Amino acid sequence: MLLYTFRRLIQLVPLLFFVSALIFFLLYSMPGDPLYRMLEGIPNLRPEDYERLRKLYGFDDPFYIQYWKWLWQLLQLNPGYSREYGQPVIDIIIPALKNTLVLTITAVVIGKLIAIALGIFSAVRQYSIGDYLLTALTFVAYSVPAFWLGLMMIILFSVKLGWLPTSGIVNPDLTPGTWEATIDWMKHLILPVSVLAISEIIQVQRFMRSSLLEVLRQDYLTTARAKGLSEQTVIGRHALKNALIPVVTIIAVTMPRVIGGSTVVETVFAYPGMGRLLYTSVMGNDYVIAMTVVMILAVAVVFFNLLADILYGWLDPRIRYQN
Amino acid sequence: MESTPLPIGNWRIVWRRFKQHRIAYVGFFFFVFLLLLVIAGPHLLPYELDQVSLAERMHGPSARHWFGTDELGRDTWVRIMHGGRVSLAVGLIVGLSTVVLGGLIGILAGYVGGTLDNILMRMVDTIYTVPRIVLLLVLSKVAGPGLLNIIIILVALEWTNAARLARSAVLSFREQEFVVAAHCLGASRWRVMLRHLLPNSLAPLIVAATLDAGAAIRAETTLSFLGLGIQPPTPSWGNLLTNASTNIFIAPLQVFLPGIFIFFALMSFNLLGDALRDALDPRLTKTRG
């Protein structure tokens, strides 16, 4: 198991290397010289000064040297300097990362718990009206584009009912740390979290349903029922344990979709996280930030894929990895 | 998710299963309905796509303007129908091309194997390592806006699904008798791939084409909404929403309408994909209602 994990970890290194090269190449090939943008306001800058600075900062180096320098600094957690914000990239990324973690973790915990509960209900009441209704509803939720769902929620809860704020994360009128500010912050979270949770419910609900149905057919459950255990104990204690194994794995598998989804949701709700940062930096040609955000998201995806693999073997003793 | 590849010997069985699938009817009906609607739709009202009428700005629905008008007095019905032509066309073109491209690459990788397989599959892995929408954001910025660019970008990313499916299908019957027999009869490698391996991997590819078309519409409308995909004056369901959402407080109906069409399009492709998957899966003997 340890050896397997280690081998998978080793395989990830070239993968992330390829991604970094791809992203650097894409954004390197964009028009616009980062140095020029930084200096353009200075009145008596002579062309020869500009050339000297270009040399000094290595902008005349060939592509692969620039890439190597960037990667080397990134590995030392120095992603560079943003000219739009006039700050080190890391100072911009950290608060955004915090916000995104709050958003995605809340959405995943709430969304997946609801999905598991719905899946259990559907399996226990297979072919009932409730089962059909749930299947249809999750399908509808899946087919609604997330950005439009966000807009609809803004119309309903912000425009019509006036219950919730449309965008952002903090109300500048409130002093941070007070109860009002905390409640206001939570209000800002409700809509983005809901959209993110709703659009990703279907996989886990379907998986939970079919997994539990499969387990419910097995002989050991007949034994449990024959012992005289209540249906609640049979399902809750005996069936669920085995049925949850593949579901836990699928939750890890769907995480990249949640990460991608948060990009759209954050942009719609102007939620100051990594996704919105990526969007604004791509739109504003701030490629140093864009590259760093993409790399962090790629590392997250790779991490969850690895986690899915490891969890699968770890939770189910029947599965063993050879050599 | 990857079902065992199936020798679909008998298309009639598949067709019968598909017909018995009630959900399939719903999906198919929605799809044909939407297609006919966007073809005929713009001709049902006497307005041009960019016909501005300053006297009728931001009107609600009426007999003259079924879906009302936008902030320049342009007819929303006509604009949504034109946008639908673009968005549906993107979906169909991308769905079809990803499957042709991905299918061929997947069959090649699975059949030839070795270094070529390794290189192609590492490419697939690399593309899968970044969330799709994130790569789309970056790529569409690099490539610049425009209808053709967005199609190329979507195909460049979405071929990976079909390639994986085709490859795993080919791997499972590469060593089977009918392939060996074809070789013995002197069939060339291309002939084996196109005449024997391709028809046998069609089932998962057809499902992939349907789901990819839906995914392409979702991606295109999302990107266009964010201002990175198809740009005005070319209408798309996505960029109609960008425009409408600036007036969300005054005219929420204008935000609702383009989205409900995207929703119906996505649902019809998803329903069709689901139904096709059931119809093409030989392990399911009973048809579900």
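So the protein sequences, as listed, match chains A and B.
The first sequence lines up with residues 8 to 330 when you count with the working numbering.
The second sequence lines up with residues 5 to 293 when you count with the working numbering.
Just so you know, even glycine gets a beta-carbon here, dropped at the ideal spot from N, CA and C.
Keep in mind the model is a prediction, meaning the values are calculated, not measured.
Taking 8 angstroms as the CB-CB cut-off, is residue i touching chain A?
{"i": "ASP282(B)", "result": "no"}
{"i": "GLY263(B)", "result": "yes"}
{"i": "ARG20(B)", "result": "no"}
{"i": "LEU74(B)", "result": "Residue identity check: residue 74(B) is Asp in the sequence provided, not Leu. Answer no: the Cβ-Cβ gap between ASP74(B) and chain A never drops below 8 angstroms."}
{"i": "ASN122(B)", "result": "no"}
{"i": "ARG178(B)", "result": "no"}
{"i": "ASN274(B)", "result": "yes"}
{"i": "VAL146(B)", "result": "yes"}
{"i": "PHE71(B)", "result": "no"}
{"i": "PHE229(B)", "result": "yes"}
{"i": "VAL128(B)", "result": "no"}
{"i": "PRO256(B)", "result": "yes"}
{"i": "MET271(B)", "result": "yes"}
{"i": "ARG136(B)", "result": "yes"}
{"i": "PHE260(B)", "result": "yes"}
{"i": "VAL142(B)", "result": "yes"}
{"i": "ARG222(B)", "result": "yes"}
{"i": "PHE34(B)", "result": "no"}
{"i": "PHE267(B)", "result": "yes"}
{"i": "ILE253(B)", "result": "Here residue 253(B) turns out to be Phe, not Ile, going by the sequence shown. For PHE253(B), the answer is yes, since a Cβ of chain A falls inside 8 angstroms of its Cβ."}
Out of the options, point me to the one whose CA is closest to residue i's CA.
{"i": "ASP154(B)", "options": "VAL138(B), MET125(B), ALA223(B)", "result": "The amino acid occupying residue 154(B) in the given sequence is Ile; Asp does not appear at that position. With distances taken between Cα atoms, ILE154(B) lies closest to ALA223(B)."}
{"i": "ALA188(A)", "options": "ILE176(A), ARG53(A), ARG90(A), TYR64(A)", "result": "ILE176(A)"}
{"i": "VAL107(A)", "options": "TYR57(A), SER218(A), VAL200(A), ILE317(A)", "result": "In the sequence under discussion, the amino acid at residue 107(A) is Thr, which differs from the Val named in the question. Ranking the options by Cα distance to THR107(A), first place goes to VAL200(A)."}
{"i": "HIS200(B)", "options": "ALA185(B), ALA212(B), LYS145(B)", "result": "ALA185(B)"}
{"i": "PRO95(A)", "options": "PRO253(A), ILE296(A), ASP138(A), ILE317(A)", "result": "ILE296(A)"}
{"i": "PHE214(A)", "options": "GLU55(A), MET159(A), LEU251(A)", "result": "LEU251(A)"}
{"i": "TYR149(A)", "options": "LEU143(B), GLU181(B), THR133(B), GLY218(B)", "result": "GLY218(B)"}
{"i": "GLY117(B)", "options": "LEU49(B), ARG178(B), LEU261(B)", "result": "ARG178(B)"}
{"i": "ALA166(B)", "options": "LEU92(B), ASP216(B), SER192(B)", "result": "ASP216(B)"}
{"i": "SER144(B)", "options": "LEU232(B), THR250(B), ILE264(B)", "result": "LEU232(B)"}
{"i": "ALA248(B)", "options": "PHE32(B), TRP241(B), GLN258(B)", "result": "GLN258(B)"}
{"i": "GLY268(A)", "options": "ALA204(A), VAL241(A), ARG244(A)", "result": "ALA204(A)"}
{"i": "LEU104(A)", "options": "ASN312(A), LEU313(A), MET302(A)", "result": "MET302(A)"}
{"i": "LEU198(B)", "options": "THR246(B), GLY107(B), ALA44(B)", "result": "GLY107(B)"}
{"i": "LEU48(B)", "options": "LEU161(B), VAL82(B), LEU151(B)", "result": "VAL82(B)"}
{"i": "LEU23(A)", "options": "ASP68(A), LEU78(A), TYR64(A), ILE112(A)", "result": "LEU78(A)"}
{"i": "ILE97(A)", "options": "ALA315(A), LEU284(A), ALA307(A)", "result": "LEU284(A)"}
{"i": "ASP316(A)", "options": "GLN73(A), ILE257(A), VAL300(A)", "result": "ILE257(A)"}
{"i": "VAL196(B)", "options": "ALA93(B), PHE182(B), ALA173(B), LEU227(B)", "result": "PHE182(B)"}
Within 8 angstroms of any Cβ in chain B, is that where the Cβ of residue i sits?
{"i": "LEU16(A)", "result": "no"}
{"i": "MET8(A)", "result": "no"}
{"i": "TRP186(A)", "result": "no"}
{"i": "PRO152(A)", "result": "yes"}
{"i": "ASN330(A)", "result": "Residue placement at ASN330(A) is flagged as unreliable, the pLDDT there being 43, under the threshold of 50; the coordinate-derived value follows with that caveat. ASN330(A) does not count as touching chain B."}
{"i": "TRP170(A)", "result": "no"}
{"i": "TYR278(A)", "result": "no"}
{"i": "GLY87(A)", "result": "no"}
{"i": "ILE266(A)", "result": "yes"}
{"i": "ALA259(A)", "result": "no"}
{"i": "PHE164(A)", "result": "no"}
Name the DSSP beta bridge partners of residue i, please?
{"i": "TYR71(A)", "result": "Bridge partners of TYR71(A): none, in fact."}
{"i": "THR130(B)", "result": "According to DSSP, THR130(B) bridges with nothing at all."}
{"i": "THR73(B)", "result": "ASP79(B)"}
{"i": "TYR88(A)", "result": "PRO95(A)"}
So which residues of chain E does residue i contact, with C-beta pairs closer than 9 angstroms?
{"i": "VAL309(A)", "result": "Here chain E cannot be found, since the structure's protein chains are A and B."}
Would you kindly report the start and end of the unbroken alpha helix (DSSP H) that includes residue i?
{"i": "LYS234(A)", "result": "First-last for LYS234(A): undefined, no H or E at that position."}
{"i": "ILE208(A)", "result": "208–223"}
{"i": "VAL151(A)", "result": "From DSSP, VAL151(A) is part of no alpha helix (DSSP H); its letter is neither H nor E."}
{"i": "GLY282(A)", "result": "281–290"}
{"i": "PHE25(A)", "result": "9–35"}
{"i": "LEU275(B)", "result": "256–284"}
{"i": "ARG171(B)", "result": "151–177"}
{"i": "ALA245(A)", "result": "The question names Ala, yet the displayed sequence has His at residue 245(A). Counting along the chain, HIS245(A) falls outside any alpha helix (DSSP H), and DSSP gives it neither H nor E."}
Compute the beta-carbon to beta-carbon distance between residue i and residue j, rounded to the nearest angstrom, for a pair I have assumed lies under 8 angstroms.
{"i": "PHE128(A)", "j": "GLY137(A)", "result": "7 angstroms"}
{"i": "ALA213(B)", "j": "LEU100(B)", "result": "6 angstroms"}
{"i": "HIS86(B)", "j": "LEU53(B)", "result": "5 angstroms"}
{"i": "VAL98(B)", "j": "LEU151(B)", "result": "VAL98(B) to LEU151(B), Cβ: 11 angstroms. No contact."}
{"i": "VAL56(B)", "j": "ARG78(B)", "result": "6 angstroms"}
{"i": "LEU29(A)", "j": "THR130(B)", "result": "6 angstroms"}
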